[in-house]
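Heads up: the structure comes next, in structure tokens.
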Amino acid sequence: MAEKTEKKANIFKRMGSRIAKFWRDFRSEMKKVVWMSGTELRKNSVLVIISVIVFTLVLGLVDFSLSWAINKLGSLV
């Protein structure tokens, strides 16, 4: 019984072919992506900036209120 043993390709060739396949697949998938228009991007950016500003103001108000309350309680003791 003669078994035929196939020799594996060099590890660098296997890695190279996997990397090449990854980049081919990556390019193929990136062609399917639907990008936002400039107007949508601008509107969404403004929305994010306004949301961050509002959240910062609310968080600052809560922080200021709590620190004021804790200081008042501390002065009673």
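Start counting the sequence shown at 711; every next residue gets the next number (the numbering used here).
The beta carbon of each residue, even a glycine, is placed where N, CA and C say it ideally should be.
The DSSP-derived three-state label of S755 is helix. Excluding the 5 residues flanking it on each side, V756 has no same chain C-beta neighbour closer than 6 Å. CA-to-CA, the gap between K723 and V744 works out to about 34 Å. In the three-state reduction of the DSSP assignment, S747 falls in the coil class.
K717 sits in coil when the DSSP states are folded into three classes, being neither helix nor strand.
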